[in-house]
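2 protein chains.
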Amino acid sequence: MENAENTDKSQGVADKAGAQAQMRKGVLELCILSILSQGDAYPTEIIEKLRGTKLVVVEGTLYPLLTRLKNTGLLGYKWVESTSGPPRKYYKLTEIGMQYLKDLQQSWAELVEAVNKTIEQGKNI
Amino acid sequence: MENAENTDKSQGVADKAGAQAQMRKGVLELCILSILSQGDAYPTEIIEKLRGTKLVVVEGTLYPLLTRLKNTGLLGYKWVESTSGPPRKYYKLTEIGMQYLKDLQQSWAELVEAVNKTIEQGKNI
DNA sequence: ACAGGTACTATGCAATACATGGTACTAAAA
DNA sequence: TTTTAGTACCATGTATTGCATAGTACCTGT
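Protein chains in written order, with our numbering: chain A, 7 to 131; chain B, 7 to 131.
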């Protein structure tokens with residue numbers, strides 16, 4: 007077979023923003039569960055805490071994710087009347103959620119170590 | 007409104023393996039581009055290098071990903087006859103791929119820092 | 001000619017980040 | 001009393017990627 011190089015550019019585009027969104031998959035739930043392990047919070051507080059650590063998340067992402075976590079038994083919630091607006095939904099970690107959070111933390115640490123080792127080998131050559 | 011806690015367990019299951027697969031989204035391409043920045047390789051070599059850094063990837067995952075990276079112009083390839091089996095497809099990074107790899111490395115570093123800060127705050131309280 | 005080992009390809013499914021469009025509650029202003 | 005602004009929450013669909021599954025092709029040895 008003839009040896010030839012080629013790069014077909016007919017499909018997809020290498021997109022930095024898209025890659026960043028992909029990297030966040032599976033990681034946002036770890037962060038949210040971590041934040042709630044510090045204490046109960048309602049969505050706007052969660053968004054603020056995430057922004058504080060440079061993990062900017064918008065409401066259209068957070069609400070469906072909180073619902074998903076609640077539906078899988080990792081979170082519970084309670085309504086709290088507000089003195090200045092509509093009532094707020096305070097989320098809290100369940101016992102199952104606390105256990106699962108530990109699993110996620112370990113998975114994340116292992117992934118970070120593995121990826122960094124792979125990257126470091128590339129830089130050293 | 008009545009304050010009540012509830013956790014609806016009717017939808018989905020919190021699955022550690024599934025979460026690990028989600029965390030790998032967007033990260034595998036970073037690792038593959040990193041490995042190829044060290045030198046050209048064909049798929050089996052890439053799988054071995056990934057296994058060496060605890061990033062176990064199977065062929066059904068790698069081949070489509072390599073095709074995708076090739077189609078977006080990040081990789082090129084050439085066929086090389088083998089002395090013991092069918093010819094092999096050696097992949098190499100293109101100039102575009104090298105630039106994109108730097109973008110991915112920066113995105114990864116920023117994500118890791120942000121996530122770790124979020125997790126650490128949870129542990130300190 | 002056939003079997004085993006190796007290499008590669010095609011395709012569809014599942015899960016999640018995210019965008020978009022929407023409803024509802026409360027307080028203040030008109 | 002009605003309207004407006006601010007705040008909080010919800011529903012749904014799209015795009016993307018990891019992964020499983022089924023398959024083809026090449027080369028060597030029997």
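We put the CB at the ideal spot given by N, CA and C, even for glycine. Keep in mind the model is a prediction, meaning the values are calculated, not measured.
Count the other CB atoms within 10 Å of the CB of K76 (chain A); is the residue buried (16 or more) or exposed (fewer)? buried
Does V64 (chain B) have its Cβ less than 8 Å from a Cβ in chain A? For V64 (chain B), not one C-beta of chain A is nearer than 8 Å to its own C-beta.
Identify, in the order they occur along the chain, each residue of the same chain with its Cβ nearer than 7 Å to the Cβ of I102 (chain A), setting aside the five sequence neighbours on each side. So the qualifying residues of the chain are G79 and L80.
Is the beta carbon of A120 (chain A) closer than 8 Å to that of G60 (chain B)? Residue identity differs from the one stated: residue 60 (chain B) is Lys in this sequence, not Gly. Contact: yes.
For W114 (chain A), the residue or residues it bridges with in DSSP: Looking at the DSSP assignment, W114 (chain A) forms no beta bridge with any residue, so it has no partner.
Taking three-plus beta-carbon pairs below 8 Å as touching, is the segment 39-50 of chain B in contact with the segment 92-99 of chain B? yes
Cut-off 7 Å between Cβ atoms - residues of its own chain near P93 (chain B), not counting five sequence neighbours on either side: W85, V86 and E87
Suppose you measure from the CA of A10 (chain A) to the CA of E54 (chain A); what does that come to, to the nearest Å? In this prediction, A10 (chain A) scores a pLDDT of 39, lower than 50, which makes its location untrustworthy; the coordinate-derived value is nonetheless stated afterwards. Each residue's alpha carbon lies about 53 Å from the other.
Would DSSP call A47 (chain A) helix, strand or coil? Residue state, collapsed to three classes: strand.
How far does the beta strand (DSSP E) with K95 (chain B) in it reach, from first residue to last? R94 to L99
Please confirm whether A20 (chain A) has its beta-carbon closer than 8 Å to some beta-carbon of chain B. yes
How far does the alpha helix (DSSP H) with K76 (chain B) in it reach, from first residue to last? E65 to N77
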